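Since the structure comes first, as structure tokens, the remarks are kept for the end.
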Amino acid sequence: MIIRGDEPEQLELLRKLYKPGNYFLQGNEALSYGALFAGCRFYAGYPITPSSEIAETMARELPKLGGYYLQMEDEIGSIAAMVGASWTGFKVMTATSGPGFSLMQENLGYAVMTETPLVLVDVQRSGPSTGQATKGAQGDFFQARWGTHGDHPMVAVSPISGQDAFWEVIRAFNIAERLRTPVVFLFDGVLAHTREQVRIPDVSEVEITYRKLPANEEEAKLPFGDPHGDGVPPMPLFGHGYFTHVTGSTHKENGLRDVYTPEVHDKLVRRIHRKIEKNRDVYESYEERFTDDAEILVVSWGVTARPALGAVIRAREEGIKAGLFVPKTVHPFPGERMRQLGKRVRAVLVPEMNLGQMILEVERHVNDDVLLRGINRIGGVPLTVEEILREIRGVA
Amino acid sequence: MAKEIYSTYPMVKYLRREALPTALCPGCGGGTVLNAFANAVDGLKLDPKDLVVVSGIGCSAWIASPYFLADTLHTTHGRAIAFATGVKVGLPDKKVVVISGDGDLASIGGNHLIHAARRNIDVTVILVNNFIYGMTGGQVAPTTPFGAKTTTSPYRNIEHPLQISETVAAAGASYVARWTTAHVYQLIESIKTALQVKGFSLVEVISQCPVQYGRRNRMKEPAEMLRWFLRNSVPVSKARKMRPEELEGKFVVGEIVRRERPEFTEELNKLVDEVQEHFGLKGE
Ligand SMILES: Cc1ncc(C[n+]2csc(CCOP(=O)(O)OP(=O)(O)O)c2C)c(N)n1
Ligand code: SF4
Chain A
0 MIIRGDEPEQ LELLRKLYKP GNYFLQGNEA LSYGALFAGC RFYAGYPITP SSEIAETMAR
60 ELPKLGGYYL QMEDEIGSIA AMVGASWTGF KVMTATSGPG FSLMQENLGY AVMTETPLVL
120 VDVQRSGPST GQATKGAQGD FFQARWGTHG DHPMVAVSPI SGQDAFWEVI RAFNIAERLR
180 TPVVFLFDGV LAHTREQVRI PDVSEVEITY RKLPANEEEA KLPFGDPHGD GVPPMPLFGH
240 GYFTHVTGST HKENGLRDVY TPEVHDKLVR RIHRKIEKNR DVYESYEERF TDDAEILVVS
300 WGVTARPALG AVIRAREEGI KAGLFVPKTV HPFPGERMRQ LGKRVRAVLV PEMNLGQMIL
360 EVERHVNDDV LLRGINRIGG VPLTVEEILR EIRGVA
Chain B
0 MAKEIYSTYP MVKYLRREAL PTALCPGCGG GTVLNAFANA VDGLKLDPKD LVVVSGIGCS
60 AWIASPYFLA DTLHTTHGRA IAFATGVKVG LPDKKVVVIS GDGDLASIGG NHLIHAARRN
120 IDVTVILVNN FIYGMTGGQV APTTPFGAKT TTSPYRNIEH PLQISETVAA AGASYVARWT
180 TAHVYQLIES IKTALQVKGF SLVEVISQCP VQYGRRNRMK EPAEMLRWFL RNSVPVSKAR
240 KMRPEELEGK FVVGEIVRRE RPEFTEELNK LVDEVQEHFG LKGE
């Protein structure tokens, strides 16, 4: 069995096509190159602002690497085609934005239930509905976590720059493959369209992981078993004569449907949760600045983490003991670290381009005696350093 | 006794025994479709290892998945063809087959159906048209005949049914045929042809659902429904000479279209080759 894009000549191809060095790239382009370095060789999507440059870059670059770009009839078909392709051994990705992300939710749940690795990029834009179609926002924090129905775990990654998007999307693919799960990549319209310097590394600097394949006939017969105790079943790919049965209905370890036995549902869904909970080391990621002696903590994510850093640096210059905590994997939330930091500080500020979403996760992890305040802006214009600094001064 | 009958059914070698017996009602046309499909696979001497069967949600979706012993992907309602598109691109040398219902493929999944036909991707679709939403309890479908009674058209259906085969033929499929479960041999031959045609192929099977459709429309016995099919079937050649009013309520059976058009996965791979050639990236 092979994972497409894993062939040794692929490394040479990448080297030949993308010379290491500094480039002036849009966030969407940087993200796309990251996906190609991660081994993505199948993309199915439907255009939507502000994500379309990802489709355009993939349509242009994928054939060079022997990969496939499919423009499907809609977003529902796009994620469906990705799941089909993933079961044949492709690393797969799609990119969309608000309304398209909503349409993908049912099949995102299907990917969770069938443990299908894929990366779904949501370039967040202003909503609800068609809202301000061309403007960036951070309003899909909870749609990423709770968008699909039922009890499901979800991993979501969010970068803070174009350069970061390049590396973080590689990490998203690695998580998807390691844990045999869909990963949501929360990008945003501002970073997607910002051009900045991005360094394309040599392929040797990129660490890539692939999904676990069955070691023998025995393992292949249990595509939803847990032979290694880590909650992650080896994935028998289609086309290799294993007669694998895959269904989004509740199934036994051999894949056959059993929707009547409570224990079967309980065991399956709990294992799918467990494989995410127990493998925190695979995906947990955050950045910290000046947190050692911080009295005021700014907690921010994605695009807003950058003015937040600027504000914290300026506050330090003014002698205010401010610090910054940036979850890079936003779901599951790095709650343990948040709790530790929350114990040491007096005030916590949470700037976001929404009316207060991640702040609810922060709130779950800090004590009542901490002063907790959101800094919120909607309308498509990002928060500035000055605005966040003003709020820091206000609680100093 | 019954056990002996099952064990001598030669097609059982194509079935996932641990999933049997099927969940279909006695007298359901789904059994005929499964039998016809297994016979077509057998007739062509296809290795089930070279098959991937995809289905959506509904009684008809169960026909091959889980019962047929191949790689099977049982997907969300309406989306089977889109899933199959991804499978086919990944495994262009395998036969990718979709078996599902009319509600699944032509209502919620109608968009995927016509666009797959337009793309002319080499996927074979066996669409089981029983005029009803069987699994959810007999609600009106886009194929329900004008005037028929269902649980959600209790007085009578005031909508006009979709002519699926004609729509898919117009959208660009390479092969389209329609038969009923009373035309078993023709059906097997058509499935064989569909499996061999390069490009998108659709075999529409008019099938009986005595439990949800027949019971409410004065045909509660499966045989009555089969007689209804036979009485009203008109071969394509004859139908071409008939006026639309004469064809009202009739089932036009036979090959609707058969033609050669460039196929999607072949074109896709050709494109990849050309691009790699152009940029000097072709491996030795
Ligand atoms: C998104 C979604 N909507 C509705 C349903 C409920 N549902 C299940 S099967 C079905 C209809 C199936 O009809 P058809 O495809 O004709 O198959 P049949 O059961 O008649 O063979 C519906 C509406 C669903 N599973 N998912
Ligand atoms: S409800 Fe109708 S379609 Fe479904 S299994 Fe029974 S007879 Fe067949």
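Residue numbers (numbering that gives the first Met the number 0), protein chains in the order written: chain A, 0 to 395; chain B, 0 to 283.
For glycine and all other residues, C-beta sits at the position ideal for the given N, C-alpha and C.
Keep in mind that this is a model prediction, so the values were computed, not measured.
Quick check on B:M0: does DSSP put it in helix, strand or coil?
Against the second sequence, residue 0 of chain B aligns to sequence position 1. Confidence is the limiting factor: at B:M0 the pLDDT is only 45, short of 50, which leaves the residue's position unreliable, though a coordinate-based value still follows. Reduced to three states, the DSSP call for B:M0 is coil.
Would you decide whether A:H227 is buried or exposed? Buried here means 16 or more other CB atoms lie within 10 Å of its CB.
Stepping through the first sequence from its first residue, residue 227 of chain A is reached at position 228. With fewer than 16 neighbouring CB atoms inside 10 Å of its own CB, A:H227 falls in the exposed class.
Go ahead and pull the three-state DSSP assignment for A:H250.
What you label residue 250 of chain A is simply residue 251 of the first sequence in a count that begins at 1. If DSSP states are grouped into helix, strand and coil, A:H250 belongs with the strands.
CB contact check: B:A35 to chain A, cutoff 8 Å
Position 36 of the second sequence, counting from 1, holds the residue named residue 35 of chain B. Chain A, which has no Cβ nearer than 8 Å to the Cβ of B:A35, makes this no.
Identify which residue in A:F89, A:T129, A:G108 has its Cα closest to the Cα of A:G99.
The residue given as residue 99 of chain A occupies position 100 in the first sequence. It is A:T129 whose Cα lies nearest to the Cα of A:G99.
Under 7 Å Cβ to Cβ from B:M0, same chain only, skipping five residues before and after it: list those, please.
Taking the second sequence and counting its residues from 1, the one referred to as residue 0 of chain B is at position 1. In this prediction, B:M0 scores a pLDDT of 45, lower than 50, which makes its location untrustworthy; no coordinate-derived value is stated.
B:R242 to B:L43 span [Cα, whole Å]:
To locate residue 242 of chain B, count along the second sequence from 1; it is residue 243. To locate residue 43 of chain B, count along the second sequence from 1; it is residue 44. Near 38 Å, if we compare the C-alpha coordinates of B:L43 and B:R242.
Proximity test, B:T135 beta-carbon vs ligand 1 heavy atom, cut-off 7 Å:
Within the second sequence, residue 135 of chain B is the residue found at index 136, counting from 1. Flag set: Cβ of B:T135 near ligand 1.
Is the number of C-beta pairs between the region 31 to 38 of chain A and the region 202 to 210 of chain A that are closer than 8 Å three or more?
The region 31 to 38 of chain A is in contact with the region 202 to 210 of chain A.
For A:Q123, name the three-state secondary structure that DSSP assigns.
For the purposes of this step, residue 123 of chain A is taken as residue 124 along the first sequence, with counting starting at 1. Here A:Q123 sits in strand by DSSP.
With three or more beta-carbon pairs closer than 8 Å as the criterion, would you say the region 69 to 81 of chain A touches the region 76 to 86 of chain B?
A contact exists between the region 69 to 81 of chain A and the region 76 to 86 of chain B.
Taking 7 Å as the cut-off, is the CB of B:D101 close to at least one heavy atom of ligand 1?
Position 102 of the second sequence, counted from the start, is the residue given in the question as residue 101 of chain B. For B:D101, the Cβ falls inside the 7 Å cut-off from some heavy atom of ligand 1.
Between the C-alpha atoms of B:G279 and A:D5, what's the straight-line distance to the nearest angstrom?
Here residue 279 of chain B refers to the residue found at position 280 of the second sequence. Here residue 5 of chain A refers to the residue found at position 6 of the first sequence. About 20 Å.
For B:D88, verify whether its CB is less than 7 Å away from any heavy atom of ligand 1.
Numbered from 1 along the second sequence, position 89 holds the residue referred to as residue 88 of chain B. In the sequence on display, residue 88 of chain B carries Val and not Asp. No, Cβ of B:V88 sits at least 7 Å from all heavy atoms of ligand 1.
Using the three-state DSSP reduction, which class does B:W178 fall into: helix, strand or coil?
Within the second sequence, residue 178 of chain B is the residue found at index 179, counting from 1. If DSSP states are grouped into helix, strand and coil, B:W178 belongs with the strands.
Just grab the DSSP bridge partners of A:N21 for me.
Taking the first sequence and counting its residues from 1, the one referred to as residue 21 of chain A is at position 22. When beta bridges are read from the DSSP output, A:N21 appears opposite A:R198.
Backbone secondary structure at A:F242 - three-state DSSP
Within the first sequence, residue 242 of chain A is the residue found at index 243, counting from 1. Correct three-state label for A:F242: coil.
Compute every distance between the C-beta of A:Q25 and the non-hydrogen atoms of ligand 2, then say whether any falls below 7 Å.
Looking up residue 25 of chain A in the first sequence gives position 26. Closer than 7 Å to some heavy atom of ligand 2: that does not describe the Cβ of A:Q25.
Which runs of the beta strand (DSSP E), 3 residues or longer, sit entirely within the region 90 to 132 of chain B?
Entirely contained in the region 90 to 132 of chain B, the beta strand (DSSP E) runs reaching 3 residues are, in chain order, 94 to 100, 122 to 128.
Going along the chain, which residues of its own chain have a beta-carbon closer than 8 Å to the beta-carbon of B:V233, five neighbours each way excluded?
Locating residue 233 of chain B in the second sequence gives position 234, where the first residue counts as 1. Excluding sequence neighbours, B:V233 sits near M241, L246, K249, F250, V251, V252.
Which first and last residues belong to the beta strand (DSSP E) in which B:R257 is found?
Along the second sequence, read from residue 1 onward, the residue named residue 257 of chain B stands at position 258. Counting along the chain, the beta strand (DSSP E) containing B:R257 begins and ends at 250 to 257.
Run through the region 73 to 100 of chain A for me and flag every whole beta strand (DSSP E) of 3 or more residues, listed as ranges in chain order.
Whole beta strand (DSSP E) segments, 3+ residues: 90 to 95.
Whose C-alpha, out of B:L45, B:A115, B:G26, B:A147, is nearest the C-alpha of B:Y13?
As a first step, residue 13 of chain B is located in the second sequence; it is residue number 14 there, counting from the start. That would be B:L45, whose Cα lies nearest to the Cα of B:Y13.
Can you look up B:T71 in the DSSP assignment and give me helix, strand or coil?
On the second sequence, position 72 is the one that residue 71 of chain B refers to. Looking at B:T71 - three-state DSSP - the assignment turns out to be strand.
Excluding the 5 residues flanking A:M153 on each side, which residues of the same chain have their C-beta closer than 6 Å to its C-beta?
Position 154 of the first sequence, counted from the start, is the residue given in the question as residue 153 of chain A. Excluding sequence neighbours, A:M153 sits near R144, H330.
If you drop the 5 nearest sequence neighbours on each side, which residues of the same chain put their C-beta closer than 7 Å to that of B:G146?
Here residue 146 of chain B refers to the residue found at position 147 when the second sequence is read from its first residue. Residues of the same chain with a CB within less than 7 Å of the CB of B:G146, apart from the 5 flanking positions on each side, are R155, N156 in chain order.
Pop quiz: B:K94 and B:D41 are said to be a contact at Cβ under 8 Å. What is the actual Cβ separation, rounded to whole angstroms?
In the second sequence, the residue the question calls residue 94 of chain B occupies position 95. In the second sequence, the residue the question calls residue 41 of chain B occupies position 42. For a cut-off of 8 Å, the C-beta gap from B:K94 to B:D41 is around 14 Å, too long to register as a contact.
Does any CB atom of chain A fall closer than 8 Å to the CB of B:Q275?
Along the second sequence, read from residue 1 onward, the residue named residue 275 of chain B stands at position 276. Chain A places a beta carbon closer than 8 Å to that of B:Q275, counting this residue as a contact.
So with Cβ pairs under 8 Å, would you call A:M71 a contact of chain B?
Counting from 1 along the first sequence, the entry for residue 71 of chain A is found at position 72. At least one chain B Cβ lies under 8 Å of A:M71.
For A:V168, verify whether its CB is less than 7 Å away from any heavy atom of ligand 2.
The sequence position of residue 168 of chain A within the first sequence is 169, counting from 1. Relative to ligand 2, A:V168 has its C-beta separated by 7 Å or more from all heavy atoms.
When the cut-off is 8 Å and only beta carbons count, does A:E105 lie next to chain B?
Translated into positions along the first sequence, residue 105 of chain A becomes position 106. Chain B contact via Cβ: present.
Mind checking A:T328: buried by the 16 CB within 10 Å criterion, or exposed?
Within the first sequence, numbered from 1, the residue matching residue 328 of chain A stands at position 329. Classification of A:T328: buried, given that the 10 Å Cβ count is 16 or more.
Using only CA atoms, which one of A:G378, A:L382, A:E390, A:T383 lies nearest to A:A132?
Sequence index remark: in the first sequence, residue 132 of chain A carries index 133 (1-based). Of A:G378, A:L382, A:E390, A:T383, the smallest CA-CA separation from A:A132 is found for A:G378.
Could you run through the region 83 to 116 of chain B and flag, in chain order, every residue whose CB is less than 7 Å away from some CB of chain A?
A83, T84, G85, V86, V88, G89, L90, K93, N110, H111, H114: these are the residues of the region 83 to 116 of chain B whose beta carbon lies less than 7 Å from some beta carbon of chain A, given in chain order.
What do you reckon, are the CB atoms on B:H76 and A:T246 nearer than 8 Å?
Start at 1 with the first residue of the second sequence, and residue 76 of chain B comes out as number 77. Start at 1 with the first residue of the first sequence, and residue 246 of chain A comes out as number 247. No, the pair does not count as a contact, with Cβ atoms beyond the cut-off.
A:V118 in three-state terms, based on DSSP
The residue labelled residue 118 of chain A in the question sits at position 119 within the first sequence. Reduced to three states, the DSSP call for A:V118 is strand.
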